[in-house]
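Peer 1: Here the working numbering = 1-based position in the sequence shown + 14.
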Amino acid sequence: MSAGVVASLAVLRTVAHGAGPTRRGQRKEKALRTELWTLPKTPTRKLKVFEAQFGFFDTVLAVPSQAAALRVWGTHRNLFASGHAKLATDEAAIAAALEHPRTLLRRAVGSNDPFSIEPTSLPTVPDLAAAMPEPASPTGSQQKQKPEPKPLPIRKPPPDRSRLDAAEAALGELDNRRKQEEADLRRQQEELDRRRAAAQQTYVEARKTATAAVVAARQAYRKAGGKD
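(1) Which residues bound the alpha helix (DSSP H) around residue 94?
(2) Where does residue 162 fall in DSSP's three states?
(3) Over the uninterrupted alpha helix (DSSP H) stretch that includes residue 219, give me the two end residues.
(4) Pull up the distance between the alpha-carbon of residue 240 and that of residue 206, whole angstroms please.
(5) Along the chain, where does the beta strand (DSSP E) containing residue 84 start, and where does it finish?
(6) Tell me residue 120's beta-bridge partners as DSSP assigns them.
(7) May I ask you to verify whether the segment 123-130 touches the segment 77-84, counting CB pairs closer than 8 Å and requiring at least 3?
(8) Note down the Cα distance separating residue 110 from residue 91, rounded to an integer number of angstroms.
(9) Does DSSP put residue 102 in a helix, in a strand, or in coil?
(10) Quick one: Cα of residue 224 to Cα of residue 212, how far?
(11) What three-state label does DSSP hand residue 111 in the structure shown?
(12) The beta strand (DSSP E) that contains residue 62, what's its start and end?
(13) Out of 237, 103, 116, state which residue places its alpha-carbon closest to the alpha-carbon of residue 87.
(14) Between the C-alpha atoms of residue 131 and residue 161, what's the straight-line distance to the nearest angstrom?
(15) Does the separation of the CB atoms of residue 93 and residue 66 fall below 7 Å?
(16) Could you tell me the distance, in whole angstroms, from the CA atom of residue 177 to the CA atom of residue 192?
(17) How close, in whole Å, do the beta carbons of residue 64 and residue 83 come, if the pair is a contact with beta carbons under 8 Å?
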């Protein structure tokens, strides 16, 4: 209903209650009521019923569009383009889907049970043994011409790997010994560096003392009148 129509009706009702209805007011109110009933109603999207088979179940659902059907089925593939999904034609299936809009209904493949949210029947699996024809009995000539079975191929024993295993073990042991030698040499080098540093420090301190003794002796010698 438009705002103008609502306002006009309110004014007419006020005038009618206050001063009594006039013919002109009655005609105008009738025209406004006619406009009110002829206003377009809010459009609603019509539901469509689609069907598709998933695994051992036939499914139907009532939704506005194919895209909505694919969302309910939970797939991103366009099943309608590949022919795996289509509009339902069975009236009973359509009626069941319209009773539960936007809800997935199922029934077992091969059954005539009504579609439901939780089907109780099991799928009908064909008897493959009964469906296959029995092989014809061979004639006498065919029995005589029966080919002889081919001999089974002789399986060779696996090659002996013992020599390769021994060689790989020896190589691994050699590598481990070399790693141990490198570790020992590093420790010896560290010890030698430590001893060299300690010897250098001892030498520096001893030389300082010897140098001081030389300086003191030279001064005493010069005081005594000696010359360098």
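Virtual Cβ for every residue (Gly too), placed ideally from N, Cα, C.
Peer 2: According to the structure data:
(1) 93-96
(2) coil
(3) 176-237
(4) 46 Å
(5) Counting along the chain, residue 84 falls outside any beta strand (DSSP E), though it belongs to the alpha helix (DSSP H) covering 80-87.
(6) According to DSSP, residue 120 bridges with 73, 130.
(7) no
(8) 26 Å
(9) coil
(10) For residue 224 and residue 212, the distance between alpha carbons rounds to 18 Å.
(11) helix
(12) Start and end: 62-68.
(13) 116
(14) 58 Å
(15) Contact flag set, yes.
(16) 23 Å
(17) In this structure, residue 64 and residue 83 form a Cβ contact; the two beta carbons are roughly 5 Å apart against a cut-off of 8 Å.
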